[in-house]
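Residues in the sequence shown are numbered from 6 upward in steps of one, following the UniProt record's numbering.
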Amino acid sequence: LSERLQGTMTKIKGKGKVNEADVKEMMREVRFALIEADVNLKVVKEFVKKISERAIGQDVMDSLTPGQQVVKIVKDELTELMGGEERKIEFSTKQPTVIMMVGLQGAGKTTTTGKLANLLRRKHNRKPLLVAADVYRPAAIQQLETIGKQLSLPVFSKGTDMSPVEIARQAIEHAKAEHLDTVIIDTAGRLHVDEALMQELKDIRALKEPDEIFLVVDSMTGQDAVNVAQNFDAAIGITGVVLTKLDGDTRGGAALSIRSVTQKPIKFVGMGEKMDALEAFHPERMASRILGMGDMLSLIEKAQSNVDEVKAKELEEKFRTSTFTFDDFLEQMTQVKQMGPLDEILKMLPGANKIKGLENAKVDEGQMDRVEAIIYSMTKKEKTTPEIINANRKKRIAKGSGTNIQDVNRLLKQFEDMKKMMKQMSGMNTKKGRKKMGM
Ligand code: GDP
Ligand code: MG
């Protein structure tokens, strides 16, 4: 989806003047891109109609930058299509909050149960209890127990003999007694939507009206995901959708259709198998990502959740006062490493998907080791005042780190560039600064 749309956008953006024929041509491209991405046909039609109307409007034609206006319209409408505002998760005032995870087999319910618990604990300070209510597959219970151990979170499981409804009932009692404020129930799935499954889910739902019933769907299944969402919603009523495996979904059709077909918001997206790979869904950011405008905000957020707050403040101060040293640089690099594989991070940068081969690229992590070696070969004085590093010193550093002068030069240049950039960015924490950066 992205590639095709981005091509069209780039073409239109540069246009000095836009006439009706241009818009028509562009709408054709947009329609193709959406259909190719497996977006629901009805959704495509309405979407194209909406942007056509707005794009042919007088204010666009008369504007000085009509191309950019059109791109903005497409972005706005894409955002709207995916739900507009970000939807927050609902917590109950009466303890505990109950969240039911439902969906077909293999959609990612059990994994998402763990990820969600992890996120709620980290970002909302909740105390979750994971409930193993998929009693039809012993492996499913074990899977959840393993996840609980890994995250050091309690798992309520009673093996496969007790009914899922009874397990859920006892789990809610247990949570009350133990002051665990959030109960997340991992329910069973089937390969297809069926009556017995729906009845079971209804019985669990009847115990204590859940604050959220999250339908977990695999985004790779495209329009099927949309059908599943419709069926589940009709049968038991869902409050939101978690789209999993978005990391592997190149077409993005489900993300675009689900909301307008079911009227239920996408609340979270799964971006990988690891326990921290769950993100709140931001329609606007997703639209930017689709249009190749990058996803700087997610990136910054990702960085923030990995960087110690106090340290971050210290760093910012250092940037501002230009006392940032190579020691700080090293420390930062270590933190970046902890953020996860670099190639994943890179993909979030604006325009990164236009860099050929990046999809399959593995970032050269050896490069980072070389940088480390170079910094370790510097003297204390050199690390704090790199200006003193002359040709002789460079030679010594290169030798000491087993690299060459070019490597040292490159690092020094990067360091200077980074300092400059960071100095600009540290102004971003003020409203005015943010505006200046276009955020
Ligand atoms: P369930 O049957 O609905 O409980 O599904 P599981 O939680 O067992 O997940 C099925 C498979 O999908 C597992 O191998 C998960 O690791 C994988 N999975 C779940 N969510 C994601 C995701 O967001 N991205 C990727 N790449 N894999 C995922
Ligand atoms: Mg499961």
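Ideal Cβ placement from N, Cα and C applies to all residues, glycine included.
Look at residue 330 here: in three-state DSSP terms it is coil, with no helix or strand label. The way I'd put it, the stretch 247–256 does touch the stretch 272–280; three or more beta-carbon pairs between them come closer than 8 Å.
A distance criterion of 6 Å places the beta-carbon of residue 115 in contact range of ligand 2, judged by its closest non-hydrogen atom. Of 72, 371, 78, 387, the smallest CA-CA separation from residue 54 is found for 78. Following the DSSP letters along the chain, one finds residue 167 in no alpha helix (DSSP H), marked with neither H nor E.
Sequence-distant Cβ neighbours of residue 227 in its own chain, meaning closer than 7 Å and more than five residues away, are 43, 256, 258, 259.
The beta carbons of residue 213 and residue 103 sit about 5 Å from each other, so the pair counts as a contact at 8 Å. For residue 163, the beta-bridge partners assigned by DSSP are 165. Distances taken from the Cβ of residue 257 to the heavy atoms of ligand 1 include none shorter than 6 Å. The beta-bridge partner set that DSSP reports for residue 85 is empty. The three-state secondary structure of residue 105, taken from DSSP, is strand. For ligand 1, a non-hydrogen atom lies closer than 6 Å to the CB of residue 278. For residue 192, the enclosing beta strand (DSSP E) starts and ends at 187–192. Where residue 212 is concerned, the enclosing alpha helix (DSSP H) starts and stops at 200–212. For residue 286, there is no enclosing beta strand (DSSP E), as DSSP marks it with neither H nor E.
Residue pairing by DSSP puts residue 135 in a beta bridge opposite 160, 189. Contact check for residue 107 against residue 220 passes: the beta carbons are separated by less than 7 Å. Within the chosen limit of 6 Å, ligand 2 reaches the beta carbon of residue 145 through at least one heavy atom. If you look at residue 245, you'll find it in the beta strand (DSSP E) that goes 245–249. Residue 139 and residue 263 have their C-alpha atoms roughly 26 Å apart.
Here DSSP, grouped into helix, strand and coil, assigns residue 58 to helix.
In the three-state DSSP reduction, residue 44 falls in the coil class, being neither helix nor strand. Checking the DSSP bridge columns, you'll see residue 274 partnered with 248, 284. Contact between residue 189 and residue 209 does not hold, since the beta-carbon distance rounds to 12 Å and is not under 8 Å. Leaving aside the five residues that flank residue 90 on each side, none in its chain has a CB nearer than 6 Å to its CB.
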